[in-house]
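Data block below; observations after.
Protein chains in written order, with the working numbering: chain B, -9 to 102; chain P, -3 to 108.
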């Protein structure tokens, strides 16, 4: 059974600080996703990571994937209040109908 | 081009009532999924479909049924609603060409 663990579950950080969210998964997968969700809204796709060593960056967010360690990180650089949201990682495997298995999410609160 | 449309957006049911949630897509995607989201638990897969006429159980299928009679529609049914089914339900489709998922805006269901 594929399990996806995120930590921390809650993160309060000051504007301008850096931090990293971690996502561990338990079995083989061939894709890892990061999503953002604002309260009462749907999921917004941030990154799709397809291969070992993949790194993607968009603005103040950077995601990386280490398939050997079954670990992905989402690094936040110089946080701003607008980044406050819940962030989910999810993994999928083509061999299982590409079903997404989600982590429990990390609620990020950036304080002024 | 609406993408993924979920109806209704909100619903309150009494225990024991039945209802059907509709997910409609105009992107000709084969793969469709129903998830539920509960506070602090991330999204969990209820049922999924890999093509017209096919459905399969996900992680938490009990109490739900689905049908995919037409490629563009994926219906989720609750035969006898229970308070434990109070949740936010999301439909998603998979864009195979780039492994991207498109999520609907969600249906917020309360069972009293």
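Even glycine gets a Cβ: it sits at the ideal position worked out from N, Cα and C.
Given the structure is predicted, the values throughout are model-derived calculations rather than measurements.
Own chain residues within Cβ distance below 6 Å of residue 46 of chain B, not counting five before or after:
37 and 53
For residue 56 of chain P, which residues of its own chain have a beta-carbon under 6 Å away from its beta-carbon, when the five flanking residues on both sides are left out?
40 and 42
Contact with chain P by residue 37 of chain B, beta-carbon distance below 8 Å
no
Residues of chain P with a CB under 9 Å from the CB of residue 94 of chain B: which are they?
36, 37 and 38
When you compare only the Cα positions, how much space is there between residue 115 of chain B and residue 95 of chain B?
An answer regarding residue 115 of chain B cannot be provided, because it is not within the stretch -9 to 102 covered by chain B.
Beta-carbon proximity list for residue 99 of chain B, same chain, < 8 Å, skipping 5 on both sides:
0, 1, 2, 3 and 74
Tell me the DSSP secondary structure of residue 94 of chain P in three-state form.
Coil, per DSSP.
Count the other C-beta atoms from every protein chain shown that fall within 10 angstroms of the C-beta of residue 72 of chain P, then say buried if there are 16 or more, exposed otherwise.
buried
Where residue 88 of chain P falls, given that 16 or more other Cβ within 10 Å makes a residue buried:
buried
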